[in-house]
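Student:
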Amino acid sequence: MTSVFDDPIGQQSDELSFRAERALATGNAQKALELFAEAAALETQLAERAAADEPRVRSVVALSAVALWFKARRFDECERLALQLLAGERLTDQGRVEVRALLERCWREGDAERVARDESLLLIPVDMKLDGGRIRKGLAPSAIVRDRQQIFASMLVRTAEWKMSAPFRRRGEAKKDVLAKAGIYEAPALAASYGVCLYVGSSRKVTEVHPELNAESVVSAFLELAAAAQATSLESVVDADYRASFLAGFRDLAPDGGGIETVGYSTSAAHLRAPSPVFLPADRERLSGALVRDNNTETFVVRGVLKVVNLTREQIVIEGDDADTVTLSIDAGKFGDTIGPKLNRKVVVFAETRKGKQRDPKPYALDVRTTDEGDDEGATRSEPQFD
Numbered sequence: 067m068t069s070v071f072d073d074p075i076g077q078q079s080d081e082l083s084f085r086a087e088r089a090l091a092t093g094n095a096q097k098a099l100e101l102f103a104e105a106a107a108l109e110t111q112l113a114e115r116a117a118a119d120e121p122r123v124r125s126v127v128a129l130s131a132v133a134l135w136f137k138a139r140r141f142d143e144c145e146r147l148a149l150q151l152l153a154g155e156r157l158t159d160q161g162r163v164e165v166r167a168l169l170e171r172c173w174r175e176g177d178a179e180r181v182a183r184d185e186s187l188l189l190i191p192v193d194m195k196l197d198g199g200r201i202r203k204g205l206a207p208s209a210i211v212r213d214r215q216q217i218f219a220s221m222l223v224r225t226a227e228w229k230m231s232a233p234f235r236r237r238g239e240a241k242k243d244v245l246a247k248a249g250i251y252e253a254p255a256l257a258a259s260y261g262v263c264l265y266v267g268s269s270r271k272v273t274e275v276h277p278e279l280n281a282e283s284v285v286s287a288f289l290e291l292a293a294a295a296q297a298t299s300l301e302s303v304v305d306a307d308y309r310a311s312f313l314a315g316f317r318d319l320a321p322d323g324g325g326i327e328t329v330g331y332s333t334s335a336a337h338l339r340a341p342s343p344v345f346l347p348a349d350r351e352r353l354s355g356a357l358v359r360d361n362n363t364e365t366f367v368v369r370g371v372l373k374v375v376n377l378t379r380e381q382i383v384i385e386g387d388d389a390d391t392v393t394l395s396i397d398a399g400k401f402g403d404t405i406g407p408k409l410n411r412k413v414v415v416f417a418e419t420r421k422g423k424q425r426d427p428k429p430y431a432l433d434v435r436t437t438d439e440g441d442d443e444g445a446t447r448s449e450p451q452f453d
């Protein structure tokens, strides 16, 4: 008996898929979408031909068909086929899990595409996937997710400013012209993993005027910066303030090995050829070392709870276990994107002594790290002060 994998329709579908991928690689996204749709139609026929008593084969072919409709951005067809397959009893358990995951992505990106069309936006997704430790599928400690989502969004805006060659912003919100070129939109997490999905959106009118800076370029730059930070080779970022900010941001997003074991970044925009780095706890340690490596003075350590952040005065206050407090100066630009989630959390501060404007020695924070990753109960209950 001839296998479904030997069917001429399947071979034709494979050829169309190959041509679609090649079109994407050469920048012809529209042609790629057309070829993916042709391949999806053939693969759907093949899935319908697969024998009911071969659930593994049927699952493989069915999943391929759903994935091809998704790649073709034909979300109605993708949804229709996925629901039809899930309503039946001819998929394996794993096949059902994978089809459901694709269906969720179809719903999410279909909604985003409708919003983009209605509001004349270019929306490009960028995902941060959290895994291991205390992370479960679709479920994670709120502090781990909340902290990283806030930093994630700030880092995307910072990337847009860097791409614009804007002067380094030391405090406050990004300017309106930056947000017009790179507004941040939040999407629901996918239950197949614990993921944070943000969309970078740029007005199509703005994109026409500034084709070199739009949502696509910001997402690509962010993923390239993530890969460079993982290798601690951010030489492409010449400005020392931006470089320190990116190092601190990717360090705080990286996993600690306890609450979380891996943090990965990617985009589902198939036409973007950008890296998809996955950070491990060793990367967090390496980035921490890079943040203090360049100073030539002797460092000391302060441990306690971060009670006050004053970005205007560029100061933080640490309350030790014995209730004594230590005030340290900080670089507001370096820590502004990442220090907010650390309020009322246990931290370790690496510091050095510097002479201030009045020539008086002052403790200066080189790095501020949390020590209670994802520990909601470890946070103090009093209200933080954030100026």
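Under our numbering, the residues of the sequence shown are numbered 67 to 453, in order.
Positions of the beta carbon are idealized from the N, C-alpha and C atoms, including for glycine.
What separation, rounded to the nearest whole angstrom, lies between the Cα atoms of GLU175 and ALA287?
Tutor: By one-based count along the sequence shown, residue 175 stands at place 109. By one-based count along the sequence shown, residue 287 stands at place 221. Roughly 21 Å between the two C-alpha positions.
Student: Three or more C-beta pairs closer than 8 Å, one from the segment 323-339 and one from the segment 401-415: is that the case here?
Tutor: The segment 323-339, when compared against the segment 401-415, does not touch it at the 8 Å Cβ threshold.
Student: Residue ranges of each alpha helix (DSSP H) run of no fewer than 4 residues wholly in the segment 190-233, ordered along the chain?
Tutor: Those alpha helix (DSSP H) runs which fall completely within the segment 190-233 and span 4+ residues are 208-229.
Student: Go through its chain and collect everything with a Cβ distance to VAL367's Cβ below 8 Å, but skip five positions before and after it.
Tutor: As a position in the sequence shown, residue 367 is number 301, starting the count at 1. Taken in chain order, the residues that qualify are VAL414, VAL415, PHE416 and ALA417.
Student: Could you tell me which residues DSSP puts in a beta bridge with GLN381?
Tutor: What you label residue 381 is simply residue 315 of the sequence shown in a count that begins at 1. Bridge partners of GLN381: ASN376 and SER395.
Student: Would the segment 262-271 and the segment 184-193 be scored as touching if the rule is three or more Cβ pairs under 8 Å?
Tutor: Enough Cβ pairs lie closer than 8 Å, so yes.
Student: Here's the rule I'm using: 16 or more other beta-carbon atoms within 10 Å means buried, otherwise exposed. How should ALA297 be labelled?
Tutor: Position 231 of the sequence shown, counting from 1, holds the residue named residue 297. Result: exposed.
Student: At the level of alpha carbons, what is the spacing between ALA113 and ALA292?
Tutor: Start at 1 with the first residue of the sequence shown, and residue 113 comes out as number 47. Start at 1 with the first residue of the sequence shown, and residue 292 comes out as number 226. Taking the straight line from one Cα to the other gives about 39 Å.
Student: Shortest alpha-carbon distance to SER125 belongs to which of ARG115, GLU143, ARG156 and LYS137?
Tutor: Here residue 125 corresponds to residue number 59 of the sequence shown, with the count starting at 1. Taking only the C-alpha atoms, the option nearest SER125 is ARG156.
Student: Can ILE217 and LEU319 be called in contact, C-beta distance under 8 Å?
Tutor: Residue mapping note: residue 217 aligns to position 151 of the sequence shown, counting from 1. Residue mapping note: residue 319 aligns to position 253 of the sequence shown, counting from 1. Going by C-beta atoms, ILE217 is nearer than 8 Å to LEU319.
Student: Provide the residue(s) that pair with GLU252 in DSSP beta bridges, ordered along the chain.
Tutor: Residue mapping note: residue 252 aligns to position 186 of the sequence shown, counting from 1. DSSP lists LEU264 as partners of GLU252.
Student: Nearest by alpha-carbon distance to ALA148: which of ALA133, ARG139 and THR158 is it?
Tutor: On the sequence shown, position 82 is the one that residue 148 refers to. The residue with the shortest Cα to Cα distance from ALA148 is ALA133.
Student: Do VAL223 and ALA240 have their CB atoms nearer than 8 Å?
Tutor: As a first step, residue 223 must be located in the sequence shown, where it is residue number 157. As a first step, residue 240 must be located in the sequence shown, where it is residue number 174. Against a cut-off of 8 Å, the Cβ pair of ALA240 and VAL223 comes out as a contact.
Student: Would VAL284 pass as a contact of ALA248 if the rule is Cβ separation under 8 Å?
Tutor: Working through the sequence shown from its first residue, we reach residue 284 at position 218. Working through the sequence shown from its first residue, we reach residue 248 at position 182. For VAL284 and ALA248, yes; Cβs fall inside 8 Å.
Student: Starting from GLU418, trace the beta strand (DSSP E) in both directions and tell me its first and last residue.
Tutor: What you label residue 418 is simply residue 352 of the sequence shown in a count that begins at 1. Element bounds for GLU418: 412-421.
Student: List the DSSP bridge partners of LYS428.
Tutor: Against the sequence shown, residue 428 aligns to sequence position 362. The partner list for LYS428 (beta bridge, DSSP) reads ARG420.
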